[in-house]
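K.L.:
Residues in the sequence shown are numbered consecutively from 12, following this note's numbering.
Glycine residues also receive a C-beta, built at the ideal position from the N, C-alpha and C atoms.
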Amino acid sequence: MVIDNAEQIHELEGFKSTSIPPSLSLPMAEKLIILYDIPSTFETQQAWSYNTWKARLVLNYKGIPYRTEWVTYPDIEQTFRKVDLPPLKMMPNGKPLYTCPAIIDYIADPIFGKRVAESTKIAHYLDETYASEQHGPTLFPKGTEAAQNEFINEIDPESGSGLKSHVSILVVALSVGVLDARGAEYINREREKRLGRPVADVGREGSLERKEAWDGVKRCLDKIAATYDKNKEGQGQFFTGKAITYADIYLISFFLWLRYLPSDRDGPDVKSGWDIVKTLNEGRWQKLVDKFEKYLEVK
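#1: Under a three-way DSSP split, which group does T29 fall into?
#2: Less than 7 angstroms separating the Cβ of S130 from some heavy atom of the ligand FAD?
#3: Whole angstroms is fine: what's the gap from S172's alpha carbon to G207's?
#4: Applying the 10 Å Cβ sphere with the 16-neighbour rule, what's the burial state of D280?
#5: Does the distance from the CB of L181 to the CB of R221 come in under 8 angstroms?
#6: Hey, T63 and P103: beta-carbon distance below 8 angstroms or not?
#7: Starting from D277, trace the alpha helix (DSSP H) in both directions and tell me its first and last residue.
#8: When the Cα of E80 is compared with those of D233, V228, A184, V94, which residue comes out closest?
#9: Which same chain residues, not among the five before or five after E22, have their C-beta less than 6 angstroms away from its C-beta?
#10: Can L68 and Y306 be called in contact, C-beta distance under 8 angstroms?
#11: Tell me the residue span of the alpha helix (DSSP H) that contains W268.
#12: Quick check on W285: does DSSP put it in helix, strand or coil?
#13: Distance, Cα to Cα, A142 vs V300?
#14: In terms of residues, what are the limits of the alpha helix (DSSP H) holding T140?
#15: Measuring straight from C-alpha to C-alpha, what distance separates L35 and A119?
#16: Below 8 angstroms, can you find three or more Cβ-Cβ pairs linking the region 252-269 to the region 148-159?
#17: Using 8 angstroms as the cut-off, can you tell me whether the region 119-130 makes contact with the region 195-206, which would need three or more C-beta pairs spanning the two stretches below that distance?
#18: Is it buried or exposed, Q159, if we count other Cβ atoms within 10 angstroms and call 16 or more buried?
#19: Does DSSP put E223 in a helix, a strand or coil?
#20: With burial defined as no fewer than 16 other Cβ atoms inside 10 Å of the residue's Cβ, what is the status of I198: buried or exposed?
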């Protein structure tokens, strides 16, 4: 969802805004993009969420000035409402769902800021808004968008049988361990409602559930490798062509999710799930991540 000004947001929710535009309180040096993300407790690497990594990678790849606003889970809705960020969607119970990532773009609109929620919508918005040569090749080359959408749907299908669902089983309990105390309590409470069991019970070490999740990851990556091999022009290095596209970023985000969440559930020699994944398919995923190292800065 792209919102052009604060008044539009409140009209969507049934009331008009009388608040002062957030950007008017920002110093001139702050006329950039604000990216909202969920922090970890790591001192040197706060970014961990795969969804927000998608938006962060696009910003870094295109060289767009931004800074990160860190918001712990229980504060997301209150913070987003305060700065007039839209909800991701309306839930079946009629309540709005607020979650990261979201951005406010004070470059394109220095007064009110343009607001966008949801990682793929953010990617489209940034690619269209910052399309000059200064910001590098497009992430959605002409004629590739349908293929990219199909690839993304295979990673995260509605059936829940794709790479995302398998990785989620592996990391959902691990993610709680990197959150601050309030964030961890919130996630344990809310996810238990959704899952019908304690988060700590998901994907336990040595469980059949964890084994099947790893088997699913390997099957999915075999299929993804075969898809990449069809890119003869780029010799299988990227999803299509010789340059990075959004499909590559979407895939990389799951690798970073595994990489930045320490695992104590996969044996004594495994520090994170990435230790396993980077060895699969003749090490091609490590080579792909290597191409993204210069875009992993957290600002």
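P.N.:
The short version:
#1: Note on T29: pLDDT 39, under 50, position unreliable in the model; the coordinate value appears next. It is coil, neither helix nor strand.
#2: In the structure shown, the ligand FAD is absent, as is every other ligand, since no ligand is present at all.
#3: 19 angstroms
#4: exposed
#5: yes
#6: Contact check for T63 against P103 fails: the beta carbons are separated by 8 angstroms or more.
#7: For D277, no alpha helix (DSSP H) run applies, since DSSP gives it neither H nor E.
#8: V94
#9: Note on E22: pLDDT 34, under 50, position unreliable in the model; no value is reported.
#10: Yes; because the gap between Cβ atoms is below 8 angstroms, this pair is in contact.
#11: For W268, the enclosing alpha helix (DSSP H) has its first and last residue at 257-270.
#12: helix
#13: 24 angstroms
#14: 130-140
#15: The predicted model places L35 with a pLDDT of 48, which falls under 50 and marks its position as unreliable; any figure quoted below should be read in that light. Spanning the two alpha carbons is a distance of roughly 15 angstroms.
#16: yes
#17: no
#18: buried
#19: helix
#20: buried
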